[in-house]
Each structure stands twice: as structure tokens, then as C-alpha cells.
Amino acid sequence: MNGSTQKRVYIETYGCQMNEHDSEQILRLLERSHYIETKNAREADLVLINTCSVREKPEHKVYSALGRFKKLKEEKGTIIGVAGCVAQQEGEKLLDRIPFLDMVIGTQAIPWLPQYLQKIEVSGQRVCETDFDPEGRYLTSLLPQEPVRQVKSYVTIMQGCNHFCSFCIVPYVRGREKSRASQDIIEEIKHLARLGVKEVCLLGQNVNGYGKGLAEEISFSKLLGRINQAEGIERIRFTTSHPKDLSEELIETFSNFKKVCEHIHLPFQSGSNKVLKSMRRGYTKEVYLDKIDRLKKVCPSIAITADVIVGFPGEEEEDFQETLDLMERVRFDDLYSFKYSPRKGTRASQFEDRIEECVKQDRLSILQRFQKEMSFQKNQALGGSVEEVLVEGRSKQSDQDMSGRTRSNKIVNFEGISDLVGKLLHVRINKAYAHSLRGEILTD
Ligand code: SAM
Ligand code: SF4
């Protein structure tokens, strides 16, 4: 290709795995329009911010990031765009508020990004696209053309959500639940395997709901069964599962399908039935604990992680205590914990019995200290054991070390060389920390 037509894109990503995956798709799309990625915004022709609006904090980051890029626009005429959930939520209002912004791209408009970009480049017209696409074309993945550097890859199996939990913005910014045809998913996974990917993580807001609305008769467990047969793929993960829809059939997959890793992320949000009801989660603490018992029975070594919210409107001290009790019962391997953040347009944002910020903060600190100790103890229990580790790359801590994950998704650092990337090794665990393990390779 002629070097003079080559342009550079800088992309900043906030939020969940879905956004990370969308950013990968954006980069692949733009490659076809002669854009290559740069990690330095100053040398970019296009700056994109892929945003998250699940809580207030990441949403605010968007505005401070835009403030940083204003200068680039003034000095170099860089094209500036906002994609993702804030783009979807704010639409034209973002263009009004930020005069130097060129482009607002909603969550289902990504496939048409090159056309919008061309419009801006040719006519200088500002673009705002936030329509939902009923045909689901946004679900089509762009496949990488060359061997990929990562050993693991996300694969979208569905988007959107029908649940409308009272605190959550997702159904408003990602639209209703829509599943992707199983054949497309399988083809993508086979393609990734041919390019060297060993582990796939299937993405959806509620993967247990996979298959609804498709012409074919397929459940999420059946899809897992088919992926389990894909040659070259060694490990399968998925996120997120909703406790309400976690079926017995899916629980059984942990013992039926060898490649399905022994880890489930099963957000519980609160341990109080009163709070769960007002969150509209559709299950009780007892139902949640029962599913955990079933999972542990079917797969005794399963690692369990979850999301939890503290300070939801109306959460009293005894409700918070019930959340701690549930944690004690389950003994999670890790927990993503959040202070409740009111989101405009959701039901809970209208609730009046708000919890003071300092109380939310105290509860979060107590919960996080408790979890840190529990995560450490769970990791310590692995001392002396031999774990299968998929080597992902160099360790962030030391140049001498490599890093990988166990089937239970725990990070393990160990001495080794770069040639090991992509290999499945047996590693003996020697030392435990709260968020990682240290070990040594066994040479059989
Ligand atoms: N679909 C997943 C589920 O049902 O559990 C979660 C999706 S959401 C992007 C990720 C997590 O963000 C949620 O599990 C919840 O703990 C947290 N979250 C969502 N809305 C929130 C809010 N308004 N305030 C605080 N945390 C929130
Ligand atoms: Fe949000 Fe609830 Fe849907 Fe999860 S299930 S995305 S928390 S509305």
C-alpha cells in the first residue's frame, strides 16, 4: 500500500469486555480504510473514545478525556469521535455540548464507521448515529486475517438485555437481547483456532438466554457442546451468567464438556431478599445459594466470582450484613464490588431512600477487605498443587517471568521464556498473593 495514504487511529477504551471487544472490531474495520493503530494520541489522525455509562465514574472520564483531546483538534485538526454507551445515551446532546467533537457512534452503528468517517473527511459534516439496527448486523464479527498475537480471544454470541434490573442502564444503551446464529459463531471460532487462538471467552450480557429468537433450536449449553468439538481450541469461558436463568443443563456442562473451564462469573448484587426484589433481579438469596451448591456438587473445583453493589437505595445495615453473610457462605474466589450509582432513565434513579455517600464508601471498604482476605485464603489453598496453565505472555512484574492463567482463571507468574506463549504447561504453585499465584514449571 502507498505509505502516504496510511493514517493513524488512537483508541481509548473504558468499561467491560464487550467494549474491549468492540474496540478490537473498530480497529479491524478501520484497517480496511488504511488506518493503523497508534498508542500515541498526538500522532493520530483519528481519536476515538469507546465509552461506558454503567456507573457515573466511567461516564465522567469521557468528558475529561475529551478535554485532553481538544488541543489536538485545535493544533492538528485531528478527527475526534465518541463511541459506545455514552454515545448511545447522549446522542446529539454530546455534539451540542462538545463543539469540537466530529462523531457520535452508538453501540449498534459500529459496522458503518468507515462510511461516517469518509463523510467527515470529505465534507467536514459532523455525524451522529444512534439508531438501533433491528436486523442485528452489528453482531457480525470482522475476522482477523493474520495469525493473532493473543492466545485468547473474545467472541460475541449475543448483545443487549431484556432484564431491566432497576439499577442498570444496559438495556437502554445496548438494546434488547439478540443472539447470533450458531453457525457464524462456530465459523469464527474455527477461524480463530486456525490463527493460533487456544482459548475463547463467549460474551453476552446474559449468556444463559442464548438462542431465544433464532430460527434454529439451540440453547447455550448446546452451543457449548458444539464449541467443545472445535479443533485447536483448548479452553472455553463465558461471561456473564444471570443466576435467574442458570439452568441445570448449563450447570452440567462443567462436568460434561472437557474444554469448559472450571470458573463461573455469577453476579449476585446483594444478599438481602428485600434489596434483590427492589433491584428486580428475579431470584432470592436462597435460589442463588442453591445454584451455587449445585455448581459445587457437579464441579467441586469450580472457581466462583461475582459482581455486588453496596448502598442501593433502601439498603439498611442488616441488608448489608446479609450480603457479607452470603459472601461467607459462598467464599468467592474474587469479587467486583461497586457503590450504587444512580443512572438517569432507570427505575432505581427515582427511588427516594438514597444512601449517603460516606455510608456507601464504608460498606464498600468493609466488603473489599473481607473479600481480599478470602481471595488470599483461596489462593493459599492452592499451595503445592499442580495447575494447568495457558501461557499468555510476559509477566507485568518482571522481565524474567512469564504469565498465564489456570483453568480457574487465576493468574500465575513463573520463570520462563517467550517461546512458551500459547503452550499449556503444568506449573507447581509455590506462593499465593491476593490476586495472583507464583509457581515453577514442571518438566515431567
Ligand atoms: N449482565 C450482567 C449481570 O446481569 O450481572 C452485568 C452487566 S453490568 C455491565 C456489570 C456490573 O455493573 C453489574 O453486575 C453490576 O454489579 C454493576 N452495575 C450495573 N449498574 C450499576 C449501577 N447503577 N451502580 C453500580 N453498579 C452497577
Ligand atoms: Fe443490566 Fe440486569 Fe441486564 Fe445484567 S441482567 S445487563 S444487570 S439489566
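Letter by letter, the sequence shown follows residues 1 to 444 of the numbering used here. Backbone N, C-alpha and C fix where the C-beta goes; we use that ideal spot for every residue, glycine too.
Cα-Cα separation between residue i and residue j, rounded to whole angstroms
i      : j      : result
Arg126 : Ala193 : 40 Å
Leu94  : Gly211 : 35 Å
Glu146 : Val308 : 39 Å
Val330 : Leu295 : 11 Å
Thr445 : Thr239 : This structure cannot settle anything about residue 445, because the visible part of the chain is limited to 1 through 444.
Lys76  : Glu440 : 51 Å
His60  : Ser255 : 43 Å
Asn2   : Met158 : Reliability of the predicted coordinates at Asn2 is poor, the pLDDT of 44 falling under 50, and no value is obtained from them.
Ile227 : Thr406 : 20 Å
Glu316 : Ile355 : 9 Å
Asp362 : Lys57  : 18 Å
Ala83  : Val386 : 43 Å
Val391 : Asp419 : 10 Å
Lys372 : Ala434 : 6 Å
Glu286 : Ile218 : 29 Å
Lys119 : Pro144 : 26 Å
Tyr172 : Gly416 : 46 Å
Asp102 : Leu142 : 25 Å
Arg235 : Lys70  : 43 Å
Asp399 : Lys410 : 20 Å
Lys423 : Lys344 : 46 Å
Leu367 : Lys277 : 21 Å
Arg149 : Glu187 : 20 Å
Val170 : Met18  : 11 Å
Gly124 : Ile98  : 16 Å
Leu29  : Asn430 : 44 Å
Same chain only: Cβ atoms within 6 Å of residue i, ignoring 5 sequence neighbours per side
i      : result
Lys244 : Gly282, Tyr283
Gly209 : Glu177, Asp245
His242 : Asn206, Asn208
Arg428 : Val386, Gly439, Glu440, Leu442
Arg42  : none
Ala467 : Residue 467 is absent from the structure shown; the chain starts at 1 and stops at 444.
Ser23  : Ile11, Thr13, Asn50
Phe338 : Ile309
Beta carbon proximity, residue i to chain B, threshold 9 Å
i      : result
Gln361 : Absent from the structure: chain B. Only one protein chain is present.
Buried versus exposed, by CB contacts within 10 Å (16 or more), residue i
i      : result
Pro267 : buried
Pro134 : exposed
Asp85  : Residue 85 is actually Cys in this sequence, not Asp. Its Cβ being crowded by 16 or more others within 10 Å, Cys85 is buried.
His426 : exposed
Asp334 : buried
Arg369 : exposed
Lys39  : exposed
Gly204 : buried
Lys360 : buried
Gln52  : The question names Gln, but residue 52 is Cys in the sequence shown. Counting Cβ neighbours within 10 Å, Cys52 comes out buried, since at least 16 surround it.
Asp353 : exposed
Glu322 : buried
Cys358 : exposed
Asp319 : buried
Tyr336 : exposed
Ala215 : exposed
Contacts around residue i, its chain only, beta-carbon distance under 7 Å, and the 5 residues preceding and following it disregarded
i      : result
Cys165 : Met279, Arg280, Arg281
Ser395 : Asp401, Met402, Ser403, Asn413
Ala432 : Phe376, Asn379, Gln380, Leu382, Gly383
Leu139 : Thr156, Gln159, Lys178, Arg180
Thr253 : Ser221, Leu224, Val260
Ala44  : Arg8, Val9, Tyr10, Thr38, Thr78
Arg55  : Phe338, Ser341
Neighbourhood of residue i by C-beta, 8 Å cutoff - its chain only, sequence neighbours within 5 removed
i      : result
Ser153 : Leu192, Val197, Glu199, Val200, Cys201
Leu289 : Leu326, Arg329, Val330
Gly175 : Thr107, Gln108, Phe132, Gln159, Gly160
Trp112 : Glu129
Residues surrounding ligand 2 [beta-carbon distance to nearest heavy atom under 6 Å]
Cys161, His163, Phe164, Cys165, Cys168, Val170, Pro171, Gln205, Asn206, His242
What are the uninterrupted segments assigned as alpha helix (DSSP H) that are 4 or more residues long and contained completely in the stretch 69–132, given in chain order?
85–90, 92–97, 113–123
To test your reading of the DSSP string, which unbroken beta strand (DSSP E) runs of 3 or more residues are found completely within the stretch 255–299?
263–265
Ignoring anything shorter than 4 residues or poking outside the stretch 177–255, list the alpha helix (DSSP H) runs there in chain order.
182–194, 220–227
Any chance you could list the beta strand (DSSP E) runs of at least 3 consecutive residues sitting entirely within the stretch 298–362, in chain order?
303–310, 334–339
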